[in-house]
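Protein chains in written order, with the working numbering: chain A, 59 to 231; chain B, 17 to 621. Note that beta-carbon positions come from the ideal geometry of N, C-alpha and C, so glycine has one too.
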């Protein structure tokens, strides 16, 4: 899976650029499978991307259009998908989002993730052996009525907390 | 089909509430390219020259580069242009961050705002949908609160906001606009124009993807630029310190403004340097959209936190005012960013007052009882609050240093360090001659960014010989050839501004020139941008800017520097004994431009 070390992230969004460009030749956040959440007032920059979660909420797709590939990546069948949006709603952290009637989800670029190559700060790494060991159960709660962006913000805020604690203990000790 | 470009120009009249989307005209873009070139050409063609900058007729233009929001690194800037309330001439200011990219992804190359709303409003642009919304509940709130409140009420943390603070609302003449909280459109008072139009913010959400004409060729060019950035000898230092590296660098060459340019050396520079800032307060790097330098920094002090500061703010609130308290300067950085006032112009009003107090030209009675002793942080903080709210003495300070000194008279005008009403930046021109010429001729007033002739600091003598046949160009203290350098880098700076690229990369690191820009533009947009066409476009923009400023009342007499820099030699340090013979350089610059001795483009007199 793609492992995020948000303490190193500057928020430049080069991962988004590389993802969108590799998949479509065009550049735009809406076309990216990794999306950086930025909250300037807390110094938060956090790339949100599929966590290969234990629960695999997205495979509960009512059309059975989603399966998990050999790298642990999410694969959407374009023939079975009816763009109902269930996967977007099911993902607790906003890592799946529909854009122009296609569910955008990380496919690990077939094992050579372009976002990782684009990051010059080591804030995202590819660890092929790491998959299926993150639980998103706590984020699933009360996520039903949230937009993907709201879910990403909630995830980023929670995951960023220890980083802020480190900062504050270092600078305000 | 146009690639790279957003494809539309948005016109909004706040008086009538009328909104119009026009298609971007390829022929017009070949002539103006985008960003600053597009903005100032529009101003030249459409602005009635004698309008009061605070009247509804003044224009507020937002220009985004043709390749912003693509693979091209470090092209995240947006330029805001209008007739400056501070100077009365061409005004513009650029900032990085993420606002420009969002505007492009919403489909726009330029937004043109005219008129005045009767009540406070904000503009909400969501792709094709444009609304003018009530901002009564946001009026009075600072920039950070406003940004957070807008994101909250729109239910979308990903919207990009360019907003003003209380200073802009109160029509402080050097009020700023900021996006991403601390990415500041600092100079020439664009935030004051927002305030005069009752416009609190522009909020943008764009979900389109930007296309490229020749994708593979363009991607190759971008990869080359990225590699050039990463392999640059200055990369590590720029990554670690950003522009704050200049504190020690300028001290080293004896031109670090200290106690309002009375000295070029600061004996406590180690307490206020970029290195000290990084060691004690930095927690991580920050970045603009798609940049691989990540030169900005996030800091945390025992009481405050935020992004920045850049060199100009750091110097303005430390050595320039005789202040050695770095934590105080960081606190002021957050205050200026939240309230929305320019650090350089506000700092100059205070520096002027401190020097006039030192010389006995102003008494405490003149100054509302405030003690303007060097480094008096209580006074600095107090007067800043008075400026933001235009209270007491702050009302006069809020008009800018030129107006302030005229009002007090008694010789205080000699210590108002501005060119054409724009307060000088933090680089003493006596030890950097081409910069001195740049401040004198810059079309927005006393500022380096119009030409950023960084080359003179590099000691690349052989390269100077190769490019211009004048070795002295690489010697910062030499006068010879500096007009040639500035005439050249003025175009180099403009191409960066038209692409809304970062000039640290374009000029200081010397990685962008007309040829490379032409290749990028052709591959990116599909329009036939030959190097000749690009160069003609740049020359056209520079000439129109000059003609516009002549219409605004500028003449050769104002293409100069304050007396100190022309006549008082620096007393110590590596630029000891230096002054700037600005008149001869200005005349040579006119000749190179093909302007007459009054600085008027020939055939237009």
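Subject >> Environment of residue 135/A [buried if 16+ CB atoms lie within 10 Å] >> reply: exposed
Original post:
Would residue 473/B pass as a contact of residue 448/B if the rule is Cβ separation under 8 Å?
Top reply: yes
Subject >> Buried versus exposed call for residue 43/B [16 or more other C-beta atoms within 10 Å across all chains shown] >> reply: exposed
Original post:
Using a Cβ-Cβ distance under 8 Å, would residue 341/B count as near chain A?
Top reply: no
Original post:
Per DSSP, what kind of secondary structure is residue 426/B in: helix, strand or coil?
Top reply: coil
Original post:
Alpha carbon to alpha carbon, how far is residue 197/B from residue 86/A?
Top reply: 22 Å
Original post:
For residue 171/B, which of 208/A, 215/A, 183/A has the nearest alpha-carbon?
Top reply: 208/A
Subject >> Contacts of residue 84/A in chain B (Cβ-Cβ under 7 Å) >> reply: 225, 226, 227
**OP:** Closer than 8 Å by beta-carbon distance: list the chain B residues that pair up with residue 179/A, in chain order.
**Re:** 301, 310
Original post:
Does residue 200/B come within less than 8 Å of chain A when only Cβ atoms are used?
Top reply: no
Original post:
Cβ of residue 166/A less than 8 Å from any chain B Cβ?
Top reply: no
**OP:** Please list the partners that residue 172/B has in chain A, where partner means a Cβ-to-Cβ separation under 7 Å.
**Re:** 207
Original post:
So, is the C-beta of residue 85/B closer than 8 Å to a C-beta in chain A?
Top reply: yes
**OP:** Tell me whether residue 27/B sits in a helix, a strand or coil according to DSSP, three-state version.
**Re:** strand
**OP:** Have a look at residue 90/A and residue 532/B and give me their C-alpha separation to the nearest angstrom.
**Re:** 28 Å
Original post:
In angstroms, rounded to a whole number, what distance separates the CA positions of residue 151/A and residue 182/B?
Top reply: 37 Å
**OP:** Would you mind sorting residue 242/B into buried or exposed? The rule is 16 or more other CB atoms within 10 Å of its CB.
**Re:** buried
Original post:
With 16 as the cutoff for other CB atoms within 10 Å, does residue 67/B come out buried or exposed?
Top reply: exposed
Original post:
Mind pulling the chain A residues with CB within less than 8 Å of residue 297/B?
Top reply: 229
**OP:** Measuring alpha carbon to alpha carbon, tell me which of 85/B, 174/B, 21/B ends up nearest residue 79/A.
**Re:** 85/B
Original post:
Nearest to residue 231/A by alpha carbon, out of 393/B, 51/B, 319/B?
Top reply: 319/B
**OP:** Starting from residue 323/B, find everything on chain A with Cβ-Cβ shorter than 8 Å and list it in chain order.
**Re:** 98, 101
**OP:** Pair every Cβ in the stretch 152–159 of chain B with every Cβ in the stretch 49–65 of chain B, then say whether three or more of these pairs are closer than 8 Å.
**Re:** no
Subject >> Sufficient close CB pairs (3 or more, under 8 Å) joining the stretch 27–46 of chain B to the stretch 128–135 of chain B >> reply: yes
Subject >> C-beta atoms of residue 115/A and residue 172/A nearer than 8 Å >> reply: no
Original post:
If you check the beta carbons only, do residue 389/B and residue 336/B fall under 8 Å apart?
Top reply: no
Original post:
residue 250/B to residue 265/B, Cα distance in whole Å?
Top reply: 12 Å
Original post:
Which word fits residue 513/B, buried or exposed, when buried means at least 16 other C-beta atoms lie within 10 angstroms of its C-beta?
Top reply: buried
**OP:** Report the neighbours of residue 70/A on chain B: residues whose CB is nearer than 8 Å to its CB, in chain order.
**Re:** 303, 304, 305, 306, 307, 308, 310
Subject >> Closest by C-alpha distance to residue 588/B, when choosing among 282/B, 99/B, 399/B, 27/B >> reply: 282/B
**OP:** Within 10 angstroms of the Cβ of residue 246/B, are there 16 or more other Cβ atoms? Answer buried if so, exposed if not.
**Re:** exposed
Subject >> Length of the line joining the Cα atoms of residue 416/B and residue 425/B >> reply: 14 Å
**OP:** Compare the C-beta of residue 196/B against all C-beta atoms of chain A and say whether one is closer than 8 Å.
**Re:** yes
Original post:
Any idea what DSSP makes of residue 160/B, helix, strand or coil?
Top reply: helix
**OP:** Give me the Cβ distance between residue 13/B and residue 224/B, rounded to the nearest whole Å; I'm assuming they're in contact under 8 Å.
**Re:** Only positions 17 to 621 of chain B appear in the structure, and residue 13/B is not among them; the question remains open.
Subject >> Proximity test, Cβ basis, 8 Å: residue 541/B and chain A >> reply: no
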